[in-house]
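Notes for the one structure printed next.
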Amino acid sequence: MTGFSYSEGKDLEEVPVFFRHPHPKIYKKIEKTTDLIKKGVKPGEFENKGGLSRENYQNFFNIIYHRHLTLNKFLKFNKQYGIQATKSVFEDENKDLKGIWNALVLLVDFPDKKNVTSAKHYNDLLFSEGKVETGSMRDYYREVSGNHLDLHGDVEGWYQTTKNYSDYVDLGQVNKDTLKWNMPRAKALVKETIQQAKEDNSFNFSKYDNDGNGKIDILIVVYAGEGAERTSDFSQIYPHRGKFSQPVVLTDGIVADNYILMHELPSHDLGGYCHEVAHSLGVPDLYLPDFSSTMVGRWCLMGVGCYNNDGKTPGHLSAWCKSHLGWTKPEIIKGPPQTYHILGGTDTGKRIFKMEVKGSQGKEYFLVENRQKKGFDEYLPNHGLLIWHVDENKVGNYFPNTDYKHPFLSLEQADGKNELGERVIEFSSLGPNLTKKDLTGDEGDVYPGDTNNRTFNAQSKPNSKSSKGYQSLVSITDITDSGEGLSAKMGYNPPGQIIIPFPLWHIFKYLKPNK
Numbered sequence: 001m002t003g004f005s006y007s008e009g010k011d012l013e014e015v016p017v018f019f020r021h022p023h024p025k026i027y028k029k030i031e032k033t034t035d036l037i038k039k040g041v042k043p044g045e046f047e048n049k050g051g052l053s054r055e056n057y058q059n060f061f062n063i064i065y066h067r068h069l070t071l072n073k074f075l076k077f078n079k080q081y082g083i084q085a086t087k088s089v090f091e092d093e094n095k096d097l098k099g100i101w102n103a104l105v106l107l108v109d110f111p112d113k114k115n116v117t118s119a120k121h122y123n124d125l126l127f128s129e130g131k132v133e134t135g136s137m138r139d140y141y142r143e144v145s146g147n148h149l150d151l152h153g154d155v156e157g158w159y160q161t162t163k164n165y166s167d168y169v170d171l172g173q174v175n176k177d178t179l180k181w182n183m184p185r186a187k188a189l190v191k192e193t194i195q196q197a198k199e200d201n202s203f204n205f206s207k208y209d210n211d212g213n214g215k216i217d218i219l220i221v222v223y224a225g226e227g228a229e230r231t232s233d234f235s236q237i238y239p240h241r242g243k244f245s246q247p248v249v250l251t252d253g254i255v256a257d258n259y260i261l262m263h264e265l266p267s268h269d270l271g272g273y274c275h276e277v278a279h280s281l282g283v284p285d286l287y288l289p290d291f292s293s294t295m296v297g298r299w300c301l302m303g304v305g306c307y308n309n310d311g312k313t314p315g316h317l318s319a320w321c322k323s324h325l326g327w328t329k330p331e332i333i334k335g336p337p338q339t340y341h342i343l344g345g346t347d348t349g350k351r352i353f354k355m356e357v358k359g360s361q362g363k364e365y366f367l368v369e370n371r372q373k374k375g376f377d378e379y380l381p382n383h384g385l386l387i388w389h390v391d392e393n394k395v396g397n398y399f400p401n402t403d404y405k406h407p408f409l410s411l412e413q414a415d416g417k418n419e420l421g422e423r424v425i426e427f428s429s430l431g432p433n434l435t436k437k438d439l440t441g442d443e444g445d446v447y448p449g450d451t452n453n454r455t456f457n458a459q460s461k462p463n464s465k466s467s468k469g470y471q472s473l474v475s476i477t478d479i480t481d482s483g484e485g486l487s488a489k490m491g492y493n494p495p496g497q498i499i500i501p502f503p504l505w506h507i508f509k510y511l512k513p514n515k
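Residue numbers (the UniProt record's numbering): 1 to 515.
The following block contains the structure:
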């Protein structure tokens, strides 16, 4: 990264918006560009040889660096205030996310960038039933919620802005001197679009207040063109879920408090909508906010599962997300090991099991689920048993997985490599550096998986110890071959002999009994 400059990050905001993780393909292009630089290829040839332009390459690392500063800021805040630092992770947990919910979608283009997609396309992509070959957003949420949530909605527009496209871009070379994480220009775009919709005088905005709190629950603004998270071109608008500092007053006593901003192209990107709507429903991003680790990979919509099948077939939410949203109630195991049938697939009979770490007062636990490559999970890396490790003591300010060494939610990867917990981007005094790793999930993450691992307990790798390294007594053994009805022996082993970790055990051979 020699020769690249970074801004000082003086304008980082206390309440950042929630940015969608960059598409995994961008990291491959970054890696390719780095190799081209090392080989002395001229910058003008980067794109023709499969890399990024020099400008986009530099902008990517500039953005990543600022995100890293944000992460360090939150880590410091969380260390100082501990669990009291929690802000938004659980803010929406009292919503009743069942039955019909209505969303409002507004389409907007620009004098210098016109739309190429019809409003009907968005009605089909988002709210149709059985029309889209790979499924709509309505289909997605009916499946992942176990038929609890049925998303309906209205699509209006295209509206047109008063200014050109570049006037609404916050990041990148275009506005490098005014980089702000609260996205003031993008928010101006959203407000302008809302105002045009309001002037139509044809809206009953109360229709979109599903929980009766006076706010639109799901407001989506779709802007013409592509998004920076897919192209790494930061002269483009970056999609996100944001919140206004002051709510926008509408009619009928309703206000717009938060919003979702998504791009028009590619028109098949269902995963982006499902991911951002999940924020409005009440779940956070589960990757590191500096984009250096996906943490949960393709195994969860709130990781990079939104990009499965290039976004056409986003993966399910993780067991924790579904439990948090009230769509499933984990079955709590408290007794000694016995055989349980762990139903998977996409039906409503799917079972999730919970095993608490002894002495954690319910704040730390393991969630067990069976994931099969069916329905919207068709493009998972593999199928089988997933064991999630949850430590609510690690919930951080806005981003629960700020500490990748001790995360809030992590996957106990059956192959023992813990690759999802590693960084794709490493940071040094010289700036960010991309490692040659594709850490989005693989066949070895599930049980038994490609390593044929059928045991998860105190002695296995990975093991069932707590985040602090204590014995949890949790034991999962005799995991059968993957299928919709796989089984495992799950429960708590009685406290046995003390297991002394290497290298301390060898000192005991020098100890002599008292006479």
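We put the beta carbon where it would ideally sit given N, CA and C, even for glycine.
In this structure, Q196 places its C-beta atom within 9 Å of the C-beta atom of Y159.
By the CB criterion at 9 Å, G375 and K312 fall outside the cutoff.
Taking T402 as reference, the option from R54, N370 and S293 with the minimal CA-CA separation is S293.
In the DSSP annotation of this structure, P314 is not part of any alpha helix (DSSP H), being labelled neither H nor E. The straight-line gap separating the alpha-carbon atoms of D211 and S323 is approximately 19 Å. Counting C-beta atoms within 10 angstroms of its own C-beta, D112 has fewer than 16 neighbours from the protein chains shown and is therefore classed as exposed. Take D285, set aside five residues on each side of it, and the residues of its chain with a beta-carbon closer than 7 Å to its own are F18, M302 and F399, in chain order. Taking the C-beta atoms as reference points, D415 is found no nearer than 9 Å to D377. Looking at the backbone, the Cα of G227 and that of H275 are separated by about 15 Å. Here the C-alpha atom of L97 lies approximately 48 Å from the C-alpha atom of F46.
Residue V105 holds the alpha-carbon nearest to the alpha-carbon of E264 among E31, L434 and V105. G44 and P239 have their alpha carbons spaced roughly 28 Å apart. With a cutoff of 9 Å on beta-carbon distance, Y340 and S487 are scored as near each other. T339 is bridged by DSSP to K489. Look at the beta carbons and you see the stretch 450 to 459 touching the stretch 473 to 485: at least three pairs across the two are nearer than 8 Å. In the pairwise beta carbon analysis, the stretch 202 to 221 is classified as touching the stretch 248 to 263: at least three pairs are separated by under 8 Å. With contacts defined by Cβ atoms closer than 9 Å, G421 and Y404 form a contacting pair.
For the set Q471, Y65, T34 and V222, the Cα lying nearest the Cα of S428 is the one of Y65.
Judged by DSSP in its simplified three-state form, S245 adopts strand.
The criterion of a C-beta distance shorter than 9 Å is not satisfied by V190 and G153. For T231, the number of other beta carbons within 10 angstroms of its own is at least 16, and it is reported as buried.
When C-alpha distances from V368 are compared across K358, G362, K354 and S360, the shortest belongs to K354. DSSP assignment within the stretch 121 to 147 yields no whole beta strand (DSSP E) run of 3 residues or more. Between the alpha carbons of H148 and L126 lies a gap of roughly 17 Å. Take the alpha-carbon of N102 and the one of N204: they are about 12 Å apart.
Going by DSSP, I387 is part of the beta strand (DSSP E) stretching over G384 to D391.
In this structure, the CA atom of S245 is about 33 Å from the CA atom of D310.
In this model, V390 and L107 are separated by some 39 Å (Cα to Cα). Secondary structure of N62 (DSSP, three-state): helix. Shown here, R371 sits in a strand according to DSSP, grouped into three states. Burial of P381 is indicated by the presence of at least 16 other C-beta atoms within 10 angstroms of its C-beta. Along the length of the stretch 197 to 256, whole beta strand (DSSP E) runs at least 3 residues long occupy 219 to 223 and 240 to 249, reported in chain order. Per DSSP, the beta-bridge partners of N102 are H152.
Annotation: the continuous alpha helix (DSSP H) that includes I30 extends over P24 to K38. Shortest Cα-Cα distance from R138 to any of S145, G130 and L151 involves L151.
Sorting S467, N182 and N370 by C-alpha distance to the C-alpha of T70 places N182 at the top.
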